[in-house]
Amino acid sequence: MSMFLRDPTFPCPAVPTVTVDCGLFNNEAVRGCALVPIDLSTNTPVKRRCEISQSCFQLQAARTMTCESLKIAHVQSYPATIEQLQLNFNRIREFKPSIPSGQRLMQLDLSYNNISTLKFAPGLANVITLDVSNNPITSSQVIVGGVSTLRAYNVSLSSLAALQLPPSIQTLINSLENIDFSAAPQLTMLDFIDNQITQIVGVTLPPRLQELHLAPSKLSCFIIRERDVAVLSQLSNFSVGSVTQSECDPAIAQGAKRTSVKILGRSYDVSVLDDATFQSRFLGAEPTQAAATPPAKRGMSPTSIAFIVLGAFAIFVLAVVFARVRQRRKRHSRRSRLSAAETELYDVRSDAEMARYRLPQHALKPVRELGHGAHGVVYLATLFGHEHVVAKYLRPEHLQHERAVARFMGEIRLGARLEHPKIVVFRGVAWSTLSDLAIVMEYMPHGDLSALLARMRDTPGHREAFDWRKGPEAVGRRSKLAIALDVAQALVYLHSQRPPVIHRDLKASNVLLGASWNAKLTDFGVSREAGDDAMTAEIGTVAWIAPEVLLGGRYSEKADVYSLGVLLSELDTCEKPFAQGIALSGGWLCEPSNARIALAVSEGGARPALHADCPPEIRSLVAQCFLADASLRPSAVDVENALLQRLRDHADP
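The opening position of the sequence shown corresponds to residue 896 in the working numbering, with each subsequent residue numbered one higher.
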């Protein structure tokens, strides 16, 4: 999804860079962009040319700039109007841009980069949500003063000794081994859900703790101080796999009393040390009187240490969330594109219309993971102890991302609306909290179409055994034509809704196969109704995206038809689109990047190939789906009728 910056005199950067120095596009100044250098042949006078990524591109003043997964290595500058900047899944080592005058940046996502030091310029004082998760952070310095939410999942930092938390901090989500709770005695919930913690040793609990979530972890050692027995006893919510004291280190547990602590009517054995011994053994300083701690001051350093010992190679996520927080300053009220009212209205858990779809959470039991994507995790599960279903959850790291939560809520609502034999059946929705909110769907035992095609590709003689007229016994004798018709009929149903539903991610991996090898369409996580504001090219997989969308146009039913044509090419070749490469003016590129594919499709007219023995009728249909002028492409109904006619022709004696 890129376009060449054609000015040969423009000074292109050596590495992919986010900047406001983007030159002109269609004679209009670009406010902000990601410049990607393209090295040219040494025989040309210009050695390097730039591409502007369309997924990180601002012509007009905007509040959000998304630059995900672009191999960005440097952030030189960003537009002053930006309030939310997403730079996740890149190669950034440090974030030291030129700070624009009057800048408004409030949400900064730097997760999944190569940042080793937590250090930020003082000019970023407006930032209130900062995500540095999944970075190799080994040292830390002052966090910018306005931050109220800090996310630091799965980082390498082992000590908070040098980290100065701002007084505005209200939510800390991290996986650091040494945590100081003394600076925040208001903490009411600790959430360790979905981790593999084996021991908790030397942890001083917040005095006002109300909820402690450890499930499904099985603790083999739990050592606390005497004053925290009362904290555990007063919990209003507690979850854990099991608690024993079978693997406590005798040296660490020396002098501890085995004590039965009753939590919510159930007794748990823990090891308890008197406060003085606990303090000297684990903290080495006088106890902090948390209840009397004054409000945090700027520049305050941690003094007490919470030491969490994990099992070998265990990685855990600690989510520390305030149940109640003080009213934000006025400048924080704009921190999200989703207002609290909008989020509440969109939350399926508070929607009376969705109540009839609710399934009891205790009846849904995950069995094993089937797969995961950028935002969700899918499990094979049992419902009511006997029915196999599929349960899809949001990835834990996205539970605090309002856009991801809203998208998941939208997927649930759309799933509840759709009912068609060629759409995976929506069974309901289950939850006890947001962290275990799950969309429940029918289980399709033969997996996805992409996996089947990959297996067939590696099977000798597959083109004779599995073609457009017939299929082998291994796939219930279903032909490619029958599978294609299933998908086309699903698309006809979606486009017949009012307003039409645009799938936007139609490909073989989103087609599932049932017990009789019938095909059904799934994954409506990025689907939208026609007319939705978010109908541009940021969603979808490049090789399946229509050229008009790659050029900045909006998704329409005809964009889905183009993707259906790509899926037909997958069926024909048993390969992903452009698996054999793309043709360039200077030769053949065997492993093209997404940017190269996007440029070749949108400007060069490249299309996925078909096999030499592809039937002429299918070849003609695919060519119509691939037309550059979207208005000339057939509708989903036209494709369905063409496939039905082909099926009837095969049935005639």
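Cβ atoms here follow ideal geometry from the backbone N, Cα and C, with glycine treated the same way.
query, result
"DSSP state of ILE987 mapped onto helix, strand, coil", "coil"
"Inter-residue CB distance, PRO1340 and ALA1276 (contact presumed, cutoff 8 Å)", "Not a contact, Cβ separation roughly 14 Å."
"Closest residue to LEU1107 among SER1131, THR1093 and LYS1287 (Cα-Cα distance)", "SER1131"
"Supposed close pair VAL1243, MET1304 - CB separation, criterion 8 Å", "5 Å"
"Three-pair Cβ contact test at 8 Å for the stretch 991-1007 versus the stretch 1021-1032", "yes"
"Given ALA1385 as reference, the closest of TRP1439, PRO1394, PRO1101 and LEU1401 once Cα atoms are compared", "LEU1401"
"Three CB pairs or more closer than 8 Å across the stretch 1314-1327 and the stretch 1365-1378", "no"
"Nearest-angstrom beta carbon gap, ALA1383 and ALA1531 [assumed within contact, 8 Å]", "6 Å"
"Continuous alpha helix (DSSP H) stretch holding MET1001: start and end", "Taken as a continuous stretch (DSSP letters only), MET1001 belongs to no alpha helix (DSSP H), as it is neither H nor E."
"Limits of the unbroken beta strand (DSSP E) element including GLU1106", "1106-1108"
"Burial state of PHE1279, where buried means 16 or more other Cβ atoms lie within 10 Å", "exposed"
"Below-8 Å beta-carbon distance, PHE1419 vs any chain D residue", "Protein chains in the displayed structure number just one, and chain D is not present."
"Neighbourhood of HIS1506 by C-beta distance below 8 Å, restricted to the same chain and skipping five residues each side", "ARG1358, ASP1467 and THR1468"
"Distance CB(THR912)-CB(GLN971) smaller than 8 Å", "yes"
"Per-residue DSSP class, three states only, for THR1468", "helix"
"VAL1165, enclosing beta strand (DSSP E) - first and last residue", "1161-1168"
"Buried/exposed call for PRO992, threshold 16 Cβ in 10 Å", "buried"
"Buried or exposed (CB count within 10 angstroms, at least 16 for buried), GLY997", "exposed"
"VAL1387 beta carbon less than 8 Å from that of LEU1445", "no"
"Cβ pair VAL1461, PRO1503 closer than 8 Å", "yes"
"Three-way DSSP call (helix, strand, coil) for TYR1288 in this model", "strand"
"Proximity below 8 Å, CB of LEU965 to CB of ALA929", "yes"
"Between the CA atoms of LYS1415 and ARG1253 - distance to the nearest angstrom", "23 Å"
"Sub-8 Å separation of VAL1273 and HIS1281 beta-carbons", "no"
"Alpha-carbon to alpha-carbon, ALA1441 and THR1139", "57 Å"
"Alpha-carbon to alpha-carbon, CYS917 and ALA1056", "Residue placement at ALA1056 is flagged as unreliable, the pLDDT there being 38, under the threshold of 50; a coordinate-derived value is accordingly withheld."
"SER1404, buried or exposed, once every other Cβ within 10 Å from all chains shown has been counted against 16", "buried"
"Rounded Cβ spacing between LEU1408 and LEU1347 (contact assumed at less than 8 Å)", "6 Å"
"Cross-strand partners of TYR1252 (DSSP beta bridge)", "TYR1252 is not bridged to any residue."
"Span of the alpha helix (DSSP H) around LYS1152", "Where LYS1152 is concerned, there is no enclosing alpha helix (DSSP H), although the beta strand (DSSP E) it sits in stretches over 1152-1158."
"ALA968 versus GLY1097 - alpha carbon distance", "40 Å"
"Extent of the continuous beta strand (DSSP E) to which TYR1274 belongs", "1271-1278"
"Closest by C-alpha distance to GLN1094, when choosing among GLU1452, ALA1110, CYS1116 and LEU1127", "CYS1116"
"Residue from ALA1301, ALA1299 and GLU1264 whose Cα sits closest to the Cα of VAL1284", "GLU1264"
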